[in-house]
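Structure first, commentary second.
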Amino acid sequence: MSTESALLPALDLTGTFAFGLNGALTAVRAARLDVVGVLALGMITALGGGVIRDVLIGAIPPATFQDWRYFVLAAGGALIAFALSRRLDRLGMPITVLDAVGLSVFSVIGASKALSFGLQIGPALALGVITGVGGGTIRDTLVRQLPSVLVSDLYAIPALVAAAITVGTVETGVYGLPAALGAAAVCFVIRMLGVYFGLQAPRPPRTGNDHDSPDS
Amino acid sequence: MSTESALLPALDLTGTFAFGLNGALTAVRAARLDVVGVLALGMITALGGGVIRDVLIGAIPPATFQDWRYFVLAAGGALIAFALSRRLDRLGMPITVLDAVGLSVFSVIGASKALSFGLQIGPALALGVITGVGGGTIRDTLVRQLPSVLVSDLYAIPALVAAAITVGTVETGVYGLPAALGAAAVCFVIRMLGVYFGLQAPRPPRTGNDHDSPDS
Amino acid sequence: MSTESALLPALDLTGTFAFGLNGALTAVRAARLDVVGVLALGMITALGGGVIRDVLIGAIPPATFQDWRYFVLAAGGALIAFALSRRLDRLGMPITVLDAVGLSVFSVIGASKALSFGLQIGPALALGVITGVGGGTIRDTLVRQLPSVLVSDLYAIPALVAAAITVGTVETGVYGLPAALGAAAVCFVIRMLGVYFGLQAPRPPRTGNDHDSPDS
Numbered sequence: 001m002s003t004e005s006a007l008l009p010a011l012d013l014t015g016t017f018a019f020g021l022n023g024a025l026t027a028v029r030a031a032r033l034d035v036v037g038v039l040a041l042g043m044i045t046a047l048g049g050g051v052i053r054d055v056l057i058g059a060i061p062p063a064t065f066q067d068w069r070y071f072v073l074a075a076g077g078a079l080i081a082f083a084l085s086r087r088l089d090r091l092g093m094p095i096t097v098l099d100a101v102g103l104s105v106f107s108v109i110g111a112s113k114a115l116s117f118g119l120q121i122g123p124a125l126a127l128g129v130i131t132g133v134g135g136g137t138i139r140d141t142l143v144r145q146l147p148s149v150l151v152s153d154l155y156a157i158p159a160l161v162a163a164a165i166t167v168g169t170v171e172t173g174v175y176g177l178p179a180a181l182g183a184a185a186v187c188f189v190i191r192m193l194g195v196y197f198g199l200q201a202p203r204p205p206r207t208g209n210d211h212d213s214p215d216s
Numbered sequence: 001m002s003t004e005s006a007l008l009p010a011l012d013l014t015g016t017f018a019f020g021l022n023g024a025l026t027a028v029r030a031a032r033l034d035v036v037g038v039l040a041l042g043m044i045t046a047l048g049g050g051v052i053r054d055v056l057i058g059a060i061p062p063a064t065f066q067d068w069r070y071f072v073l074a075a076g077g078a079l080i081a082f083a084l085s086r087r088l089d090r091l092g093m094p095i096t097v098l099d100a101v102g103l104s105v106f107s108v109i110g111a112s113k114a115l116s117f118g119l120q121i122g123p124a125l126a127l128g129v130i131t132g133v134g135g136g137t138i139r140d141t142l143v144r145q146l147p148s149v150l151v152s153d154l155y156a157i158p159a160l161v162a163a164a165i166t167v168g169t170v171e172t173g174v175y176g177l178p179a180a181l182g183a184a185a186v187c188f189v190i191r192m193l194g195v196y197f198g199l200q201a202p203r204p205p206r207t208g209n210d211h212d213s214p215d216s
Numbered sequence: 001m002s003t004e005s006a007l008l009p010a011l012d013l014t015g016t017f018a019f020g021l022n023g024a025l026t027a028v029r030a031a032r033l034d035v036v037g038v039l040a041l042g043m044i045t046a047l048g049g050g051v052i053r054d055v056l057i058g059a060i061p062p063a064t065f066q067d068w069r070y071f072v073l074a075a076g077g078a079l080i081a082f083a084l085s086r087r088l089d090r091l092g093m094p095i096t097v098l099d100a101v102g103l104s105v106f107s108v109i110g111a112s113k114a115l116s117f118g119l120q121i122g123p124a125l126a127l128g129v130i131t132g133v134g135g136g137t138i139r140d141t142l143v144r145q146l147p148s149v150l151v152s153d154l155y156a157i158p159a160l161v162a163a164a165i166t167v168g169t170v171e172t173g174v175y176g177l178p179a180a181l182g183a184a185a186v187c188f189v190i191r192m193l194g195v196y197f198g199l200q201a202p203r204p205p206r207t208g209n210d211h212d213s214p215d216s
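Keeping their order, the protein sequence lines are chains Y, U and R. For the first sequence, full-length UniProt numbering assigns the number 1 to the initial residue and increments by one for each residue that follows. For the second sequence, full-length UniProt numbering assigns the number 1 to the initial residue and increments by one for each residue that follows. For the third sequence, full-length UniProt numbering assigns the number 1 to the initial residue and increments by one for each residue that follows.
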């Protein structure tokens, strides 16, 4: 358990840093925000998923507000990304890779933290996915993009796989650094394969609905 | 009280199923999402209002995370809607009717649960409305529509009426299955009459402001 | 301390009223909503920041749901703004000024309330900013504008300054009505100077990224 105790924050901080970089690059690309806007979007992306998780499991105040390292890594990642963005010809690939890192790590941490707060297996899976996709969903909503969780090739599914591996290894008593890294790696690989090959889940057919006009 | 105890989850689950169907059909129509996106939007719509309610009244973890039936009905509704969507020529009317069902039921449940957690009458009314409109507001925001609560004919008002009937019957000791169903039915009828007749609350006049350009 | 105890609600209610007016005027201008939509957006803007703050510090149910004056001032402000909007040739300046008032007051209250709930200095600063910008961010998201906190000249920075003055005066034992009003005034002045002179934080250069196309 002591290994797990030390592991949780380290992985969590890694995901925080990745999402800080990611959110900031998104801010540069999607909306050409100034440095304060870049910092704000980076921090919201990095800290949003964990805050939602902690509110839902009753870990109040959220870990983010009790450990200054979260703020430093989120803000530091955002500022580094802001500085680097002028050197990058293309922001798309770094944004995608960093998002996949945050998604993978946060799904593992979210599921294991939910279990450690006494939630059952099903809710822990849900909390893993919510933690993984939460920050990015807020990020996309704020810059007025359709959220990745709704539209991206294999986004929620790898998060669910990572959460399932985490729950499985915790329940069988083999959870630890290797298991957590393995679960995150599986999520990362599935996500990146989905991006690379443009894999999509089935879509509804176009017939029939095309006559339908929005009534809102 | 034992009747009420059994009633609350049953009505809550009915609203969850209706909103799961609704959110999924919205996903098909508004954004042509794949099956994972449809499932995600259905579940967010179905579970969002109740989660917000439970966070605000301190019912942590939310009921959604303690009772697997919420997840099953939300996900099942979303998948059924995905499968059925190819058979529907028009999605507008099912979306509107299902949304009205969820709105009605959740407004009643939200108000009564708030009272059972010790909130006063005013806050219980507010919680009823928030529970009723919460999931749909998140749904609309994620697919970048103006939320129904802001723009639709008679949307928040029937929710408030249902919450008021609920609070009134709880306070006078006659709350139970008939009262809850009656309150929900009144909300549903007002909402559907509003849709059918295109009823609108007063709007601001157009004079004067047309010279005004956004400054943000 | 008794002064502070009486002061907190009074300032909080002032900010609530200002944001109620602001949100309602935004609803009139941005989306020509009907009176219910105007009321809803006014109340969400006025009450959103405080509700987020209270959820994050564990003050459940939020103060908003325990003190009817918040609802009355938020709703009253929204209705007054709706009535006045037909008399205003231009809504931009009142919207900006009222938003600055709410931002200033809520940043001070958020920081001091966080400290009174036992949070450390860093988290209290964050909570101040979150309380100040929270309602407006929800407001902008719902009417599909880029949030002020991401795009506006000097928005998060004055909020942070107000929170810092608040934390500094609380920690040195000189917090009270004059300190709170002073902190809010400094925030208000910085914000309005930023608007007046169009001050901007540094933006990323345009070179390099222009070749980049969104991949989402």
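Every residue, glycine too, gets a C-beta built ideally from N, C-alpha and C. Every value quoted in this text rests on a predicted model; they were computed, and no experiment measured them.
Our contact map puts residue i next to residue j with C-beta atoms below 8 Å; I'd like the distance itself, whole angstroms only.
i: residue 13 of chain R; j: residue 95 of chain R; result: Not a contact, Cβ separation roughly 20 Å.
i: residue 128 of chain R; j: residue 100 of chain R; result: Residue 128 of chain R to residue 100 of chain R, Cβ: 15 Å. No contact.
i: residue 183 of chain U; j: residue 97 of chain U; result: The Cβ separation is near 18 Å, so there is no contact.
i: residue 61 of chain Y; j: residue 123 of chain R; result: 7 Å
i: residue 138 of chain R; j: residue 48 of chain R; result: 4 Å
i: residue 110 of chain Y; j: residue 141 of chain Y; result: At roughly 19 Å, the Cβ-Cβ gap does not stay under 8 Å, so residue 110 of chain Y and residue 141 of chain Y are not in contact.
i: residue 16 of chain R; j: residue 91 of chain R; result: Between residue 91 of chain R and residue 16 of chain R the Cβ distance is about 20 Å, and since that is not below 8 Å, they are no contact.
i: residue 65 of chain U; j: residue 119 of chain Y; result: 6 Å
i: residue 145 of chain R; j: residue 30 of chain R; result: 7 Å
Under the rule that 16 or more other beta-carbon atoms within 10 Å means buried, what is residue i, buried or exposed?
i: residue 173 of chain U; result: exposed
i: residue 143 of chain Y; result: buried
i: residue 93 of chain U; result: exposed
i: residue 147 of chain Y; result: buried
i: residue 53 of chain U; result: buried
i: residue 86 of chain U; result: exposed
i: residue 135 of chain U; result: buried
i: residue 126 of chain Y; result: buried
i: residue 155 of chain U; result: buried
i: residue 196 of chain R; result: exposed
i: residue 33 of chain U; result: buried
i: residue 10 of chain R; result: exposed
i: residue 198 of chain Y; result: exposed
i: residue 193 of chain R; result: exposed
i: residue 56 of chain U; result: buried
i: residue 150 of chain U; result: buried
i: residue 177 of chain Y; result: exposed
Just curious, the alpha helix (DSSP H) that residue i is in, first and last residue?
i: residue 117 of chain R; result: From DSSP, residue 117 of chain R is part of no alpha helix (DSSP H); its letter is neither H nor E.
i: residue 163 of chain R; result: 156-171
i: residue 174 of chain U; result: Note, residue 174 of chain U: premise wrong, no alpha helix (DSSP H); not H, not E.
i: residue 123 of chain U; result: 121-142
i: residue 39 of chain Y; result: 35-57
i: residue 69 of chain R; result: 68-84
i: residue 152 of chain U; result: It is not in any alpha helix (DSSP H) - residue 152 of chain U carries neither H nor E in the DSSP assignment.
Three Cβ pairs or more, each shorter than 8 Å: is that satisfied between the stretch 155-169 of chain Y and the stretch 99-119 of chain Y? Taking 8 Å as the limit for Cβ pairs, the verdict is that the stretch 99-119 of chain Y does touch the stretch 155-169 of chain Y.
Is there contact here, the stretch 104-123 of chain Y with the stretch 165-183 of chain Y, by at least three beta-carbon pairs under 8 Å? yes
Quick check: the stretch 79-91 of chain R against the stretch 31-41 of chain R, are there 3 or more CB pairs under 8 Å? yes
Kindly confirm or deny that the stretch 42-56 of chain R and the stretch 16-31 of chain R touch, where touching means at least three C-beta pairs closer than 8 Å. yes
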